[in-house]
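Numbering (the working numbering), first residue to last: 1359 to 1536.
Below is one structure, written out as structure tokens, with a few remarks after it.
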Amino acid sequence: RLAKLVKDRYEVHQRLNTVLFDETASSLEEDIQLILQDELWLIDERYNLITAEEPDFEEALLRILDFRTGTKSSSKPKIDSADRQKEMDIFACRKRKNDAVFEHIVVELKRASHPLSKKDHDQLFAYQQLIMKEKRFNSPDSRWKFYLIGTSYATDGYVLSHKKNLKNLGVPDLIYRD
């Protein structure tokens, strides 16, 4: 059984490498998203997928409230924000057993041919701001991580300069810390 798990994960890794780095393959962001949402262990296997395929924030809030309470809500909550209809690529959550803290991750994916730029950083920062301002996302027992995933950096140097400025914190590829 362990051998099958290792074999399956190796095959997923090979598929992801092809999507990301094979210059003859014409991969799209959706190709990467399909792999990651089905194989969330690539980010962290302790998480449960809450939403994928780009739900808006109101749908994400509905699902996270359902996850937290263990019940199914009948109506979508309303969020008072101009960004409420923006869409996350992947949103996942886990409840830590030892201290009952809910850890959430938001993942924004960019296809291999799209270098990470200030625009991408600002997109993820806008998601973070919406979540931090919406109290129903933000209970005292919640922790959040935001991931911007790509294979290269834009020539504007914005994302890369943030990474270099935070290198001394010892977290690889960190571009923002709050």
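All residues carry an ideal CB built from backbone N, CA and C; glycine is no exception.
All of these numbers come straight from a predicted model, not from anything done at the bench.
>> Applying the 10 Å Cβ sphere with the 16-neighbour rule, what's the burial state of Asp1478?
In response: Classification for Asp1478: buried.
> Assuming Phe1483 contacts Tyr1534 under a Cβ cut-off of 8 Å, what Cβ separation, rounded to an integer in Å, is found between them?
Replying inline: About 7 Å; that satisfies the 8 Å criterion.
>> So if DSSP puts Thr1409 in a beta bridge, which residue, or which two residues, is it bridged to?
In response: As a beta-bridge residue in DSSP terms, Thr1409 pairs with Phe1449.
> Among Val1529, Glu1466, Ala1440, Phe1460, which one has its Cα closest to the Cα of Glu1411?
Replying inline: With distances taken between Cα atoms, Glu1411 lies closest to Glu1466.
>> I'd like to confirm the pairing. Which residues does DSSP put opposite Asp1414 in its beta bridges?
In response: Answer is Glu1445.
>> Assuming contact is defined by CB atoms lying nearer than 8 Å, are Val1459 and Tyr1485 in contact in what I supplied?
In response: For Val1459 and Tyr1485, no; Cβs fall outside 8 Å.
>> Please list the terminal residues of the continuous alpha helix (DSSP H) segment that includes Phe1379.
In response: Where Phe1379 is concerned, the enclosing alpha helix (DSSP H) stretches over 1360-1379.
> Using a Cβ-Cβ cut-off of 7 Å (strictly less than) and excluding sequence neighbours within five positions of Glu1417, which residues of its own chain qualify?
Replying inline: Short of 7 Å from the beta carbon of Glu1417, and not among the five residues preceding or following it, lie these beta carbons of its own chain, in chain order: Thr1409, Lys1434.
>> Using the three-state DSSP reduction, which class does Tyr1485 fall into: helix, strand or coil?
In response: If DSSP states are grouped into helix, strand and coil, Tyr1485 belongs with the helices.
> Starting from Leu1398 and walking both ways along the beta strand (DSSP E), at which residues does that stretch end?
Replying inline: If you look at Leu1398, you'll find it isn't in any beta strand (DSSP E); DSSP assigns it neither H nor E.
> When you compare each of Asp1380, Val1364, Gln1443, Asp1536 to Leu1400 by their alpha carbons, which one comes out closest?
Replying inline: For the options Asp1380, Val1364, Gln1443, Asp1536, the alpha carbon positioned closest to that of Leu1400 is the one of Val1364.
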